[in-house]
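In full-length UniProt numbering, the protein residues as written are 1 to 148.
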Amino acid sequence: MSEPERYYTMSQYRDETALAFLYRLNLAAERADLNFRKSSADRERHIKRFIKKLSDDQLKRTLESQRFRRVSDLEFVLKQQEEVRQKDGPPARQSRDFRADNVVRDRYKPRRQDRAYVAQGDEDSGYDEVDERETGVRSAPAVNNPST
């Protein structure tokens, strides 16, 4: 693959930060002989290409609303964004939906769902006796231990 082709088809890796992707895209642009540091038109196209290829939609919307005179200005903004994300916790660019209503139910089922045990103890335990017809649970018959 030629260097210009590599530059124009480059996309952000799944676990790559936006700043690391910018550095990689800058290197590919230099290898493809794009003069984005000196030509304002090339710089603008280069930055637009970077923003278009970002995987973080929130960051993409934020950067689209800004103008950058130099690539170093964009680098500064991305460094600030990384610092904020490190303070806040994990990155928000996950593509999966982790809402509470999207949880997979019954993933870990107990081995035996049809067993219920009723403990029998002192009659003066303070608990009311529950009728089998109310709960649908049968109590296990008491076993007399002849060794005692």
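A virtual CB, placed ideally from N, CA and C, is assigned to each residue, including glycine. Here the structure is a predicted model, which is why all the values come from computation and not from measurement.
Residues of its chain near residue i, where Cβ-Cβ distance is below 7 Å and the 5 sequence neighbours each way are ignored
{"i": "L25", "result": "M10 and F50"}
{"i": "L78", "result": "A18, L19 and L22"}
Cβ neighbours of residue i in the same chain (closer than 6 Å, five flanking residues each side left out)
{"i": "L34", "result": "D42"}
{"i": "R37", "result": "none"}
Residue burial classification, residue i (beta-carbon count within 10 angstroms, cutoff 16)
{"i": "F76", "result": "exposed"}
{"i": "Y8", "result": "exposed"}
{"i": "D56", "result": "buried"}
{"i": "L27", "result": "exposed"}
DSSP-derived helix/strand/coil call for residue i
{"i": "T9", "result": "helix"}
{"i": "D57", "result": "helix"}
{"i": "N26", "result": "helix"}
{"i": "A20", "result": "helix"}
{"i": "L34", "result": "coil"}
{"i": "F68", "result": "coil"}
{"i": "R85", "result": "helix"}
{"i": "S40", "result": "helix"}
{"i": "R49", "result": "helix"}
{"i": "P15", "result": "The sequence given here places Asp at residue 15; Pro does not occur at that position. It is coil, neither helix nor strand."}
Contact check, residue i vs residue j, beta carbons under 8 Å
{"i": "Q12", "j": "K60", "result": "no"}
{"i": "E82", "j": "T17", "result": "yes"}
{"i": "R31", "j": "E5", "result": "no"}
Contact with chain D by residue i, beta-carbon distance below 8 Å
{"i": "D88", "result": "The structure shown has no chain D; it contains just one protein chain."}
Close-in-space but distant-in-sequence residues of the same chain around residue i (CB under 8 Å, 5 per side omitted)
{"i": "Q80", "result": "none"}
{"i": "L74", "result": "L22, I47, F50, L63 and F68"}
{"i": "R14", "result": "S55"}
{"i": "S65", "result": "none"}
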